[in-house]
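Residues 363 to 637, numbered by my numbering, are exactly what the sequence shown covers, in order. Note that beta-carbon positions come from the ideal geometry of N, C-alpha and C, so glycine has one too.
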Amino acid sequence: MRLAGPAIGNNGAVVSPRTPHDDDLALALELADLADGITLPHYRNRSFTVKHKDDRSEVTEADRGAESALRAMLTERRPDHAVLGEEEGLVGPADARYRWIIDPIDGTSNFVKHVPIWATLIALELDGRIVVGVCSAPALGRRWWAVRGGGAFADGRPIGVSDVTELADVHLGYSDIGSFVRHDLGPQLTDLAASVWRGRGLGDFWMHVLVAEGSMDAAVEPIVNLWDVAAIQIIVEEAGGRFTDLAGRATPDGGSAVSTNGRVHDEVLARLASR
């Protein structure tokens with residue numbers, strides 16, 4: 363998928379208005395193509411070994427290879443920008459106005475178990491604000507993106523959040539229940555899940571982009587890293603939703619994540635508030 367000028371989908375339709383960051387979006391989509399070309403063959407062929415980090419999370423040569431390739435392209439195309447990645451940390455000037463934030467494989471546990479719900483996440487931050495986000499899930503054949511002021515899209519089509527207003531009608535996504543228990547939020551999650559229409563333990567990027575598409579109404583995670591949700595924040599916001607941490611701050615760097623259609627956000631936060 364290659365874009366020039368306004369964002370153009372594979373069907374030739376303009377998928378976002380002209381914005382100051384269309385060229386950055388075009389590059390982010392090229393980066394996603396590059397990552398997909400590395401990660402998907404590993405996934406299909408199961409041609410990888412699995413190692414564990416200090417926190418016991420998995421990492422494979424697909425994670426490391428994809429991040430290394432993305433860094434190399436960014437060094438060539440945006441040499442004055444900083445790059446923060448899950449596997450290699452920050453490279454470039456710490457005070458750079460532009461910073462790319464990369465998660466080469468969000469959902470590595472799924473990748474390892476051959477569950478197709480994993481994605482490469484790519485975001486661009488300008489002066490502390492995310493202005494471009496791409497989420498590419500090649501095993502699902504799906505891709506979402508957003509550019510600040512240009513809307514959010516899935517597979518070339520505009521997306522938007524749901525119009526659900528009552529907590530009792532909410533379809534809720536949440537991450538691993540054990541992580542809520544470990545962060546003393548088990549009772550709060552139970553209370554929230556008992557108050558909504560349906561709850562699904564989807565985890566990772568998947569539940570948040572479903573909120574952006576309007577298929578789910580809220581998604582919650584008690585613990586995240588910046589690279590897990592930087593791209594997600596702008597996709598949800600440009601789709602008309604709201605993204606905050608558990609304290610209600612509109613930041614991807616707060617250590618937790620709550621995305622909703624905006625209409626039920628405050629009530630979700632209130633249900634998850636520490637007791």
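Can you check whether the CB of Leu534 is closer than 8 angstroms to the CB of Leu547?
No, Cβ-Cβ distance for Leu547 and Leu534 is not below 8 angstroms.
Could you tell me which residues DSSP puts in a beta bridge with Ile484?
Bridge partners of Ile484: Ile464 and Val496.
Within its chain, find whatever has a CB closer than 6 angstroms to the CB of Gly561; leave out the 5 residues flanking it on each side and keep chain order.
Closer than 6 angstroms at Cβ, skipping near neighbours: Leu534 and Ala555.
Can you tell me the Cα-Cα spacing of Asp425 and Asp442, whole angstroms?
Looking at the two C-alpha atoms, the distance is approximately 24 angstroms.
State the start and end residues of the unbroken beta strand (DSSP E) segment that holds His414.
Element bounds for His414: Val412 to His414.
Whole angstroms is fine: what's the gap from Leu634's alpha carbon to Ser618's?
Cα to Cα, Leu634 sits roughly 12 angstroms from Ser618.
Do Val496 and Lys484 have their beta-carbon atoms positioned less than 8 angstroms apart in this structure?
Just to set this straight, residue 484 is Ile in the shown sequence, not Lys. In this structure, Val496 lies closer than 8 angstroms to Ile484 by Cβ.
Looking at C-alpha atoms only, which residue of Val421, Leu564, Ala514 and Leu551 is the closest neighbour of Val598?
Comparing Cα-Cα distances from Val598 to each of Val421, Leu564, Ala514 and Leu551, the minimum goes to Ala514.
Identify which residue in Gly565, Ala581 and Thr401 has its Cα closest to the Cα of Gly503.
Closest by alpha carbon: Thr401.
Are the Cβ atoms of Ala601 and Gly522 separated by less than 8 angstroms?
Going by C-beta atoms, Ala601 is nearer than 8 angstroms to Gly522.
How is Arg380 classed by DSSP in three states: helix, strand or coil?
In the structure shown, Arg380 sits in coil (DSSP, three-state: anything other than H, G, I, E or B).
Whole angstroms is fine: what's the gap from Phe542's alpha carbon to Ala390's?
Spanning the two alpha carbons is a distance of roughly 33 angstroms.
To the nearest angstrom, how far is it from the Cα of Val509 to the Cα of Asn407?
Each residue's alpha carbon lies about 34 angstroms from the other.
Can at least three beta-carbon pairs, one atom from the stretch 516–531 and one from the stretch 574–585, be found at a separation below 8 angstroms?
Because the criterion of three Cβ pairs below 8 angstroms is met, the stretch 516–531 and the stretch 574–585 touch.
Would you report the Cα separation of His545 and Pro584, rounded to the nearest angstrom?
Taking the straight line joining both Cα atoms gives about 7 angstroms.
To the nearest angstrom, how far is the alpha carbon of Gly616 from that of Arg380?
In a straight line, the C-alpha of Gly616 is about 31 angstroms away from that of Arg380.
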